[in-house]
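Colleague: Structure below; questions to follow.
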Amino acid sequence: MSGLTMPKADAATLARRAEIVGDMRIIVPGEGVVDAVNSMRAFESDGLTAYRQLPLVVVLPETVQQVSRILKYCNERNIKVVPRGSGTSLSGGALPLEDAVLLVMSRFNRILDIDFANRAAVVQPGVTNLGITNAVEQEGFYYAPDPSSQIACSIGGNVAENSGGVHCLKYGLTANNVLGIEMVLMDGEVVRLGGKHLDSEGYDLLGVMSGSEGLLGVVTEVTVRILQKPETARALLIGFPSSEEAGQCVADIIGAGIIPGGMEMMDRPAIHAAEDFVHAGYPLDCEALLIVELDGCGDEVDHLIGAVEAIALKNGSTVCRVSQSEQERLVFWAGRKAAFPAVGRISPDYYCMDGTIPRKELPKVLAGMRELSEKYGLRVANVFHAGDGNLHPLILYDANVPGELEKAEEFGSDILRLCVKVGGVLTGEHGVGVEKRDLMPEMFNEIDLDQQMRVKCAFDPNHLLNPGKVFPQLRRCAELGRMHIHNGKLPFPDIPRF
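Be aware that the sequence shown starts at 244, since it is given in our numbering, and climbs by one per residue.
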């Protein structure tokens with residue numbers, strides 16, 4: 244997929260590209276169209292940097308009307324479109340296509356409304372995840388989903404991938420914290436789903452859009468739920484002599500009816516990398532480390548700390564430290580938040596995986612990953628959202644060594660097959676993209692995939708939005724049968740339209 248230069252093309256193809264670029268400049272005047280090869284290199288990859296491809300042209304609209312006109316133009320001329328936010332996707336979801344317009348939403352970067360009374364904020368999709376919290380924290384509020392890339396990732400991308408974070412165990416993923424969206428369909432129609440109200444009538448189209456990976460529409464506005472910061476939040480740093488004991492401790496904490504604000508786990512390689520990078524005071528003589536955050540009123544937190552300490556001791560913990568200040572709590576989390584860049588200091592390259600398993604299978608899967616590490620001769624560092632079983636193995640390799648990238652990819656595929664085998668799923672928050680596309684049959688049969696594709700056809704009957712992602716093989720919508728489609732339009736008459 245490497246695309247370091249524009250592919251050679253015949254005269255007709257070059258003429259068509261020139262026509263498209265010219266028409267895009269009419270729709271988005273000024274500096275909103277990028278077509279020079281060197282300038283487009285900044286967009287040739289997302290967070291899955293192993294794959295690179297230059298797009299046909301890069302377009303950066305600033306208004307909903309421009310997005311609508313671009314999509315309508317492309318729909319009428321059968322031109323593919325790949326939506327992109329901040330480009331932090333780790334599954335290749337925003338990977339460009341050489342024959343597609345790359346629609347970059349980074350200029351939609353304004354916070355439109357903050358409504359503390361209704362605990363909601365209305366933002367454009369290019370606003371960063373952390374930017375929402377920064378805008379409301381002076382009144383004691385925050386936005387709960389907090390991916391490790393929250394300083395850079397955009398809220399529109401979070402909706403596309405249904406992103407999570409360290410606090411999603413108690414407060415939910417993006418889908419649980421988005422109240423409404425404005426979106427543009429492939430034919431240029433602007434549609435609103437949900438709003439500040441608690442729930443919407445009719446089909447749960449908002450739920451369909453959460454995690455839809457840019458296959459159904461382009462989000463141009465997001466209404467999110469903001470929460471009041473808890474009265475007290477304290478974190479425990481708990482070390483164990485083995486990952487299996489740490490995994491059992493996770494299961495026992497949840498089994499005791501305790502739902503921490505966050506519960507993260509790191510193994511020895513990740514611990515050492517993070518400590519060398521951040522100097523958070525992590526114990527270096529343990530095989531696994533749990534960070535357990537408890538929040539609520541002061542008395543409740545004190546009680547839960549005692550309960551978690553007892554459970555940890557029962558499971559063989561050798562270290563247990565409790566944060567004594569807000570600064571120390573943030574230091575505990577700093578190492579975990581910086582784990583991905585920290586691992587980049589100990590290996591030329593790494594392949595960040597994402598799969599989810601039942602919590603009780605954690606010891607078995609960790610043991611299986613060690614066996615796979617020996618099989619492939621590649622190291623792996625584990626960082627994951629232990630509370631909800633969302634694993635993020637980091638496979639270490641050197642792309643300069645012939646064959647190592649391919650080994651890392653197959654290693655990752657075997658990890659995901661193991662996740663599915665024990666009753667888990669292919670992804671928890673990174674999405675399918677191109678990374679897991681060809682593994683979809685491991686989890687879904689042909690009937691399942693056809694039904695998912697029928698939903699795609701209801702929104703995008705010509706497969707023009709982000710094609711080549713999620714589905715291992717696209718089928719013509721006419722072959723799949725209709726899903727209540729009327730004249731090719733979205734089949735739900737009760738949606739407010741403009």
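In this text, a Cβ means the ideal position worked out from N, Cα and C, and glycines have one as well. These numbers come from a predicted model, not from an experiment.
With distances taken Cα to Cα, identify the nearest neighbour of Gly630 among Gly671, Glu653 and Glu652.
Modeller: Gly671
Colleague: By the three-class DSSP mapping on this structure, what secondary structure does Tyr619 have?
Modeller: Three-state result, Tyr619: helix.
Colleague: Starting from Met745 and walking both ways along the beta strand (DSSP E), at which residues does that stretch end?
Modeller: Absent from the structure is residue 745, since the part of the chain shown begins at 244 and ends at 741.
Colleague: Kindly indicate which three-state DSSP category Gln491 falls into: helix, strand or coil?
Modeller: It is helical.
Colleague: In the DSSP output, which residue or residues are listed as bridge partners for Lys385?
Modeller: For clarity, residue 385 is Tyr in the given sequence; the question names Lys instead. Answer is Leu470, bridged to Tyr385.
Colleague: Could you compute how far the alpha carbon of Arg477 sits from the alpha carbon of Val544?
Modeller: 8 Å
Colleague: Taking only runs of the beta strand (DSSP E) that begin and end inside the segment 388-435, which ones reach a length of at least 3 residues, in chain order?
Modeller: Entirely contained in the segment 388-435, the beta strand (DSSP E) runs reaching 3 residues are, in chain order, 421-427.
Colleague: How would you call His440, buried or exposed, if buried means at least 16 neighbouring beta carbons within 10 angstroms?
Modeller: Burial call: exposed.
Colleague: Which residue spans inside the segment 551-618 form an unbroken alpha helix (DSSP H) run of at least 4?
Modeller: You should have 569-580 and 582-586.
Colleague: Can you give the beta carbon distance from Tyr525 to Leu532, rounded, assuming they're within the 8 Å contact cut?
Modeller: 6 Å
Colleague: Run the CB neighbour count on Ala624, radius 10 Å, all protein chains shown included, and call it buried at 16 or more, exposed below.
Modeller: buried
Colleague: How is Glu672 classed by DSSP in three states: helix, strand or coil?
Modeller: Glu672 falls in the coil class under three-state DSSP.
Colleague: To which residues of the same chain is Cys595 closer than 7 Å at the C-beta, ignoring the five residues directly before and after it?
Modeller: Leu333, Phe583, His635 and Leu637
Colleague: From Ser486 to Leu422, what does the alpha carbon distance come to, in whole angstroms?
Modeller: 38 Å
Colleague: Rounded to a whole number of angstroms, what is the C-alpha to C-alpha distance between Phe286 and Leu297?
Modeller: 7 Å
Colleague: Any chance the segment 604-622 sits against the segment 648-663, with 3 or more Cβ pairs inside 8 Å?
Modeller: Touching, yes, given that three or more Cβ pairs across the two stretches are closer than 8 Å.
Colleague: Nearest by alpha-carbon distance to Gly504: which of Thr331, Val409, Asp510 and Pro715 is it?
Modeller: Val409
Colleague: For Val647, which of Val663, Phe627, Gly620 and Cys662 has the nearest alpha-carbon?
Modeller: In the sequence as displayed, the identity of residue 647 is Glu instead of Val. Nearest C-alpha to Glu647: Gly620.
Colleague: Short check: CB of Met506 to CB of Ile496, under 9 Å?
Modeller: yes
Colleague: Within a Cβ cutoff of 8 Å, which residues of the same chain sit near Val493, ignoring the five residues on either side of it in sequence?
Modeller: Met506, Met508, Leu533, Arg602, Leu605, Ala629 and Gly630
Colleague: Hey, out of Val300, Gly265, Ile270 and Leu556, whose CA is closest to Val280's CA?
Modeller: Val300
Colleague: Could you say which of Gly598, Gly438 and Glu536 lies nearest to Gly666 if we only look at CA atoms?
Modeller: Gly598
Colleague: Check the C-beta distance from Ile424 over to Leu412 and give it rounded, since I have them as a contact under 8 Å.
Modeller: In fact, because the Cβ distance is near 24 Å, the residues do not count as touching under 8 Å.
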